Structure formats: C-alpha cells, structure tokens
Amino acid sequence: MTPEQLKASILQYAIQGKLVEQRPEEGTGEELYQQIQAEKQRLIAEKKIKKEKQLAEIPEDEIPFDIPESWKWVKVGEIGSWGAGATPPRTNPAYYGGTIPWLKTGDLNDGLINEIPEFITDLALEKTSVRLNPVGSVLMAMYGATIGKLGILEIPATTNQACCACIPYNGIHNRYLFYYLMSMRRTYISMAEGGAQPNISKEKIVNSLFPLPPLAEQKRIVAKIEKLFPLVDRYAVAYEKLEQFNAKFPEDMKKSILQYAIQGQLVEQRPEEGTGEELYQQIQAEKQRLIQEKKIKKEKPLAEISEDEIPFDIPESWKWVRLSDIIDVRDGTHDSPKYVPMGIPLVTSKNLSNGTIDYGNVKYITQEDADKINARSMVDDDDILFAMIGSIGNPVLVKKDREFCIKNMALFKKHANTDISMRYMYWFFFFIQYKLKKEASGGVQSFISLTRFREYLVPLPPFAEQKRIVAKIEELLPLCERLK
2 MTPEQLKASI
12 LQYAIQGKLV
22 EQRPEEGTGE
32 ELYQQIQAEK
42 QRLIAEKKIK
52 KEKQLAEIPE
62 DEIPFDIPES
72 WKWVKVGEIG
82 SWGAGATPPR
92 TNPAYYGGTI
102 PWLKTGDLND
112 GLINEIPEFI
122 TDLALEKTSV
132 RLNPVGSVLM
142 AMYGATIGKL
152 GILEIPATTN
162 QACCACIPYN
172 GIHNRYLFYY
182 LMSMRRTYIS
192 MAEGGAQPNI
202 SKEKIVNSLF
212 PLPPLAEQKR
222 IVAKIEKLFP
232 LVDRYAVAYE
242 KLEQFNAKFP
252 EDMKKSILQY
262 AIQGQLVEQR
272 PEEGTGEELY
282 QQIQAEKQRL
292 IQEKKIKKEK
302 PLAEISEDEI
312 PFDIPESWKW
322 VRLSDIIDVR
332 DGTHDSPKYV
342 PMGIPLVTSK
352 NLSNGTIDYG
362 NVKYITQEDA
372 DKINARSMVD
382 DDDILFAMIG
392 SIGNPVLVKK
402 DREFCIKNMA
412 LFKKHANTDI
422 SMRYMYWFFF
432 FIQYKLKKEA
442 SGGVQSFISL
452 TRFREYLVPL
462 PPFAEQKRIV
472 AKIEELLPLC
482 ERLK
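Residues in the sequence shown are numbered consecutively from 2, following our numbering.
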C-alpha cells in the first residue's frame, strides 16, 4: 500500500466512525445539529449571517456508507457559513497593495496558511464583493488544476472567486471539516464540470453530505489522524527507498548476471572443453589462412596486454585478448548520403532499440549509394551492431530480413570457420556498453573510436563454455524482467 493509499484509508476510517470509539457521555450528532441550528437562527436574527435557502432533505438512497448511531448525516452547507471570494478589478490600482491578504487557489497548500503574497486595500473590501474570512476558516479550490486543494487560515484573509471558504459554526472542529473535505477530494473532482478549466460550484459543495459526530469525538478523531499521519510520512520515506530499490533491482541484477558471466563465475569450467589459449591459436591460424587467400586484410599488430590493463581476474582456462584478435571490427559510413523517399534503409543509432532494429523512422538512400557503403560494411546474419556516436551502445545481434546499410555505428563480424559465439559477444557488448557510455560522455557528442573497440580487452573462454554461459544468461535474464 502506498503512503497516499494509507492516508486515504485512515481518512476513510475516520469519516466512517471507525478510527476512534464512540462514548455515550459525549452526546450525539443529532444533539449537536440542534445546537448548530439554534446558533444559526441567533446569527440570522443578529444579522451576522444571511438566511439561506433551505437545503433538501437527505433521501435514504443518497447515503454513501453507514455511520455510528450516535452520528448524523447533514449537508456540508449546514455546518458553516460558506462563501466564494472575488477579484477586485485590476483596472483600479487603489484596490491593490494594501494590508489585507488576498489568496488565490495556487496559495493553498493542504495545510495551515499564514503567508499570502498578494494584498488588497480596505477600499477593495468596502467596494467589491470580496469577503474577509477569519482565522480558522477552511478553504477549498473550486477551479482548474487545483480543484479540491485545501487550507486552514491562520490569518484573516480574502480570496479570489476560485476559492470557497467555510467559517465553521460552534460545535464544528475546523480540522475535522478539513480532513473530511480531504477525504472527499476525488469525489469533488469527479463532480467538476467544464473542459479546459473544470470547476465545481459552491452549490455542489454545500449540498454534499457530511457525517456529523459529537464535538468531543471530532476532536479525538483529529488527534488520532494527526498522530497517524506523521507515522505514514516516516513510512513514506522507507517506501520511497524501497520503490527506488525495486525499480533499480532488476537492472542491477541484470548487470550482476552479465558481470558474473564475463568473469567466469556464472557456470563452472570443464577441463575437457579446452582453454581460451587453444581457441585463440585456432582463430589466429584461421585469420592467417584468410589473409593468404586475400579474403581479409592484414592488420597492424596490436600492443601486448600489460598487467595493469587487466580489469579483473578470470579463470585460468580463459585468456585475455583484444577484440580485434578474435573478430572483424569495422564501421559503417560516416558520410551523409542523399536521402530519397523510398529505397534502401540507412540504419543509424536512433534505429537501435532493445536489441532490435526499428525501421519506423528510418531514412532511405539509393541502391547506388547503398552498394558503395556495403562494399566496405555489408551487414550479415549474426553480425553485431553497436552505436558508436551519440547514443552509445544498444547492441543488436542481426537477424537480417531485408537489405539495409549502416551509418555511425560499429560492425562486428565473426571470421569464417572460427569458434566464436556471437551471442556470447552480444552479451559481452551489452555489458560493456554501460562503461563505454561513461567513457564517451563529456564532449559535444559522445563518441567511441574504432581503435578503442579494436584494442578493447575481451575475456575469452573455450567455445563450449561460451555456449553454456549464453544459455545460463538467457535462462536468468527473463527472471529479472519478471521483477519489474
């Protein structure tokens, strides 16, 4: 249960008479109601309030829930003097800049109000329909995005017409009224009418129902609410931390699984599967054959791997290699071909998403331009794409269902007849993308050079172990997704 739901439940218990016990010695809601009616008649006789139109009786089928027998259902308009505010004409500067606080609904804070930024003059109070509300008045917003927002005045103040104010009669605890209105906020919002600027009228507010307990019980209800709400606020801090943890946990677990995988800790090592060194030598022999057959070019030798480059320990049967030692590293075009309405898709970093190519917003180039790009960087099945400019990462293991070309991204290809699992390499790239994103940030545009890719260190296990690692990763990662 969220903190907001918990507070709503507390308020619901409160207004249903379930938060504190009933005490016969405190009287009844009916007795209090009669006292309030007598006070109203006195105030009318003294011309302190106006006689209002009689509110309709409450039919049985309108009662929303049961309340204790000692309580009474009344109308909200019967427990206080309600009035909306007004805005003195802005065209008359003599109405503004005085000493009387003038509140707008944006000043409501669902709490006590003791500071109001705008003021009007005594002349505005005398000449316009603004009403001065005394300390203790309960305010509620009636218009726009702030509908249902509340406040209790700690200073006398006027309001604009978007705000309705209640001066509670004797026998009504203003905080009990405040919490009741808070519990009804969703109901009032649902009663609002209008489009861009929805509003709820004062008439709807005063005709809504109000569960009336004896005054002493109102006070005990308020005390209980104000004892419980700070506990909920403390719970909210822990809840927020838990929510943050739960939000991060699946992704953190995913990273941990991949880290265990590339460190050789996800599956056991089996001597009968050989070693990374043996696999490395097989790949080098195959590369030499391809060079002799002029199927690939001879590359400049890469620097030896120094001890201080090694980022973590790996099993003895594995071998640290540079990426270009074991796979073909190249990139797509960095030019900007002329786009055409239809033609060959030109895939860029913005088209890589969640391990797939999104052709939804792809641009097209001519077949002639595509042939030029593909002469250098033809993409085949089981190649890996990796954004190297802008949105770094988002690796994709290609399952080619159409012809396309690539721009501003790295392309990793397996050498023919070599025992490299491109799915293992895909998960390796998936893991290192987080580090590369940090490494590439800071400039005008994030960028990872092809040289950086070629020199990147890769932990190389035997081929059979690569396949077992992939199987274990793909068994565990769906479990992480279920945690979201």
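Glycine included, each C-beta is placed from N, C-alpha and C at the ideal position. From a predicted model like this one, the values you see are computed outputs, not experimental measurements.
| Asked | Found |
| --- | --- |
| For Leu480, count the other beta carbons within 10 Å of its own beta carbon; 16 or more makes it buried, fewer makes it exposed. Which is it? | exposed |
| Quick one: Cα of Gln23 to Cα of Gly107, how far? | 38 Å |
| Starting from Tyr97, follow the alpha helix (DSSP H) in both directions and report where the run begins and ends. | Here Tyr97 belongs to no alpha helix (DSSP H); instead the beta strand (DSSP E) covers 97-104. |
| Could you check whether Ile80 and Ile11 sit closer than 8 Å to each other, using their CB atoms as the reference points? | no |
| Quick one: what's got a C-beta closer than 7 Å to Tyr177's C-beta in the same chain, skipping five residues either side? | Gln219, Ile222, Val223 |
| With respect to the beta strand (DSSP E) encompassing Ile345, which residues constitute its N-terminal and C-terminal limits? | 345-348 |
| Which residue's Cα is closest to the Cα of Pro463: Ile366, Leu353, Ile284, Lys301? | Ile284 |
| Assign Leu178 to one of three DSSP states: helix, strand, or coil. | helix |
| Buried or exposed for Leu56, please, with buried defined as at least 16 other CB atoms from any protein chain shown within 10 angstroms of its CB. | exposed |
| What is the rounded straight-line gap between the Cα of Tyr170 and the Cα of Lys41? | 8 Å |
| Shortest alpha-carbon distance to Ile470 belongs to which of Asp67, Ile156, Leu126, Ser422? | Ser422 |
| Within 10 angstroms of its Cβ, does Leu113 collect 16 or more other Cβ (buried), or is it exposed? | exposed |
| For Thr159, which beta-bridge partners are listed by DSSP? | Trp103 |
| Just to confirm, does Gly265 get its C-beta within under 7 Å of one of the non-hydrogen atoms of the ligand ZN? | Of the ligands one can find in the structure shown there are none, so the ligand ZN has no counterpart to examine. |
| Which residues in the same chain as Gln270 place their Cβ atom closer than 7 Å to its Cβ, once the five residues preceding and following it in sequence are excluded? | Pro316, Ser318, Glu466 |
| Where do the ends of the alpha helix (DSSP H) carrying Phe230 lie? | 216-263 |
| Could you check what DSSP says for Leu280 in three-state terms: helix, strand or coil? | helix |
| Take the Cβ of Thr92 as the centre, count every other Cβ of all protein chains shown within 10 Å, and call the residue buried at 16 or more, exposed below. | exposed |
| Would you please state the rounded distance, in angstroms, between the beta carbons of Phe179 and Leu213? I believe it to be under 8 Å. | Their Cβ separation, rounded to whole angstroms, is 15 Å, which puts Phe179 and Leu213 out of contact at 8 Å. |
| Closer than 7 Å by C-beta to Ile16: which residues in its own chain qualify, once you throw out the five before and the five after it? Chain order, please. | Tyr181, Ser184, Pro212 |
| Tell me the rounded alpha-carbon separation between Ile297 and Leu324. | 16 Å |
| How many angstroms separate the CA atom of Asp314 from the CA atom of Tyr425? | 18 Å |
| Is it buried or exposed, Gly18, if we count other Cβ atoms within 10 angstroms and call 16 or more buried? | buried |
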